[in-house]
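Visitor: Structure below; questions to follow.
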Amino acid sequence: MRSVELAEIKKRATIISAVTVESLQENLKALHGRNAEKGSLRSGGTVKESASIARREIKSYFNQLEHFVRSRPAGQPGFDAEIIDAVADSTRLLISSINEGLANTATLVGNPDLVRAIEHEVSGELSTSQETFRSNIRAYWASRSSVSSLSGIDKILIGIEVFCLAAACVTIGMWIKDPQGPYEPYLALFGVGGTLIEIYRRVANRQVP
Numbered sequence: 628m629r630s631v632e633l634a635e636i637k638k639r640a641t642i643i644s645a646v647t648v649e650s651l652q653e654n655l656k657a658l659h660g661r662n663a664e665k666g667s668l669r670s671g672g673t674v675k676e677s678a679s680i681a682r683r684e685i686k687s688y689f690n691q692l693e694h695f696v697r698s699r700p701a702g703q704p705g706f707d708a709e710i711i712d713a714v715a716d717s718t719r720l721l722i723s724s725i726n727e728g729l730a731n732t733a734t735l736v737g738n739p740d741l742v743r744a745i746e747h748e749v750s751g752e753l754s755t756s757q758e759t760f761r762s763n764i765r766a767y768w769a770s771r772s773s774v775s776s777l778s779g780i781d782k783i784l785i786g787i788e789v790f791c792l793a794a795a796c797v798t799i800g801m802w803i804k805d806p807q808g809p810y811e812p813y814l815a816l817f818g819v820g821g822t823l824i825e826i827y828r829r830v831a832n833r834q835v836p
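Written as structure tokens, this is what we have:
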């Protein structure tokens, strides 16, 4: 099951990477065209805007990956590291395309030093986005695991609450039809049942680290 999930994530990462690369190339081409028309193609502004496009595409890539991973069944401890390995090829393809785009920008600008000056921004965005992606899916699965571990108790408590509510409604209906009947003790019992459940929940929540 785990290998199947990794294969699906790797397949989707390949698709997301290809779409992101296409978007990167189109945006860089549009930028170069706009700045050429304005006569500012060989300026530092072209380099800065190219870096902004690269950072934006990196964020988009990892955001789409995270969205897809969250749609899959809950993971297990250490699964986040395996996912990073599974999407490594797709990530390398994206970074390779970004480097090519920046190299092309350097050629058009005619000053490679300007491009080298912003390379650390792009590499920093890659490291930050990758770590954010990994931390987010780790936290997401931890929360899913916590909910799953309490789901059995929660179902029992909800079942008791539903029973008390239904029984109280039936008792009230009977009381309306027969105002002289001894229904108050039963209503009080059902009310106490709901109160005890709420007390249990509050105590249990305080014990959670």
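Mapping of the sequence shown onto the numbering used here: residues 628 to 836, in sequence order.
Where a beta carbon is used, it is the ideal one built from N, C-alpha and C, also for glycine.
Small disclaimer: the values here were computed from a predicted structure and weren't measured.
Where do the ends of the alpha helix (DSSP H) carrying Asp805 lie?
Guide: It is not in any alpha helix (DSSP H) - Asp805 carries neither H nor E in the DSSP assignment.
Visitor: Tell me the DSSP secondary structure of Val835 in three-state form.
Guide: A caution first: Val835 carries a pLDDT of 44, below 50, which makes its placement in the model too unreliable to give a value.
Visitor: According to DSSP, is Ser644 part of a helix, a strand, or is it coil?
Guide: The answer is helix: DSSP assigns Ser644 an H, G or I state.
Visitor: Does the ligand ZN have a heavy atom nearer than 7 Å to the CB of Leu721?
Guide: You won't find the ligand ZN in this model; it holds no ligand whatsoever.
Visitor: For the stretch 742 to 751 and the stretch 791 to 805, state whether three or more C-beta atom pairs, one from each stretch, are separated by less than 8 Å.
Guide: No: fewer than three Cβ pairs fall under 8 Å.
Visitor: Report the rounded CA-to-CA distance for Leu633 versus Asn690, giving the unit in angstroms.
Guide: Approximately 17 Å, taken between the alpha carbons.
Visitor: Can you give me the C-alpha to C-alpha distance between Ser650 and Lys782, rounded to a whole angstrom?
Guide: Near 47 Å, if we compare the C-alpha coordinates of Lys782 and Ser650.
Visitor: Roughly how many whole angstroms lie between the Cα atoms of Arg639 and Tyr688?
Guide: C-alpha separation (whole angstroms): 11 Å.
Visitor: Would the stretch 706 to 716 and the stretch 753 to 769 be scored as touching if the rule is three or more Cβ pairs under 8 Å?
Guide: Because the criterion of three Cβ pairs below 8 Å is met, the stretch 706 to 716 and the stretch 753 to 769 touch.
Visitor: Tell me, please, whether the stretch 745 to 756 touches the stretch 676 to 686 by the rule of three or more beta-carbon pairs shorter than 8 Å.
Guide: They touch, by the three-pair rule.
Visitor: I need the straight-line Cα distance from Phe706 to Tyr767, nearest angstrom please.
Guide: One C-alpha to the other measures close to 12 Å.
Visitor: In three-state DSSP terms, what is Arg699?
Guide: Looking at Arg699 - three-state DSSP - the assignment turns out to be coil, as it is neither helix nor strand.
Visitor: With distance defined between alpha-carbon atoms, name the residue in Ser644, Ser670, Glu635 and Arg669 nearest to Ala697.
Guide: Rather than Ala, the amino acid found at residue 697 in this sequence is Arg. Taking only the C-alpha atoms, the option nearest Arg697 is Glu635.
Visitor: By how many angstroms is the C-alpha of Ile722 removed from the C-alpha of Glu664?
Guide: If I take the Cα positions, the gap works out to 28 Å.
Visitor: In chain order, what residues of the same chain have a beta carbon less than 6 Å from the beta carbon of Leu720, not counting five sequence neighbours either side?
Guide: These residues qualify, in order along the chain: Ser644.
Visitor: Might you give, ordered along the chain, the residues of its own chain that have their beta carbon closer than 7 Å to the beta carbon of Trp802, omitting 5 neighbours on each side?
Guide: Excluding positions up to five away in sequence, the list reads Gly808 and Tyr810.
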